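First up is the structure itself, then whatever we jot down about it.
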Amino acid sequence: MSEERVQDTIVHCPHCGHNVHLGVDLSEDEQDYLDECAACGGEIHLMLYRDIGDDRMHLKVYADDEQYY
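Just add 161 to the spot in the sequence shown (first one is 1) and you have this note's numbering.
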């Protein structure tokens, strides 16, 4: 992970609602990983992807307990 490609990002924890500072690695266009909320300890599911239409990086934040049907 290159230091110049890491961006400090503030996200809202889907469990407790606190603002959490995360270092997001922008070196890869598609990422899917878990991180932990510093306030409540809940797992935060993060999906990072580049949208071809606007050529920008987008970050989606989910709770780890969400289910897809």
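Built from N, CA and C at the ideal position, the CB exists for glycine as well. Predicted, not measured: the structure shown is a model, and the values here were computed from it.
As computed with DSSP, residue 196 is found in a beta bridge with 205. Under DSSP, residue 186 takes part in a beta bridge, and its partners are 167.
Residue pairing by DSSP places residue 212 opposite 217 in a beta bridge.
For residue 173, the three-state secondary structure derived from DSSP is strand. Inclusion of residue 212 and residue 205 in the CB contact set at 8 Å is not warranted, their separation being larger than that value.
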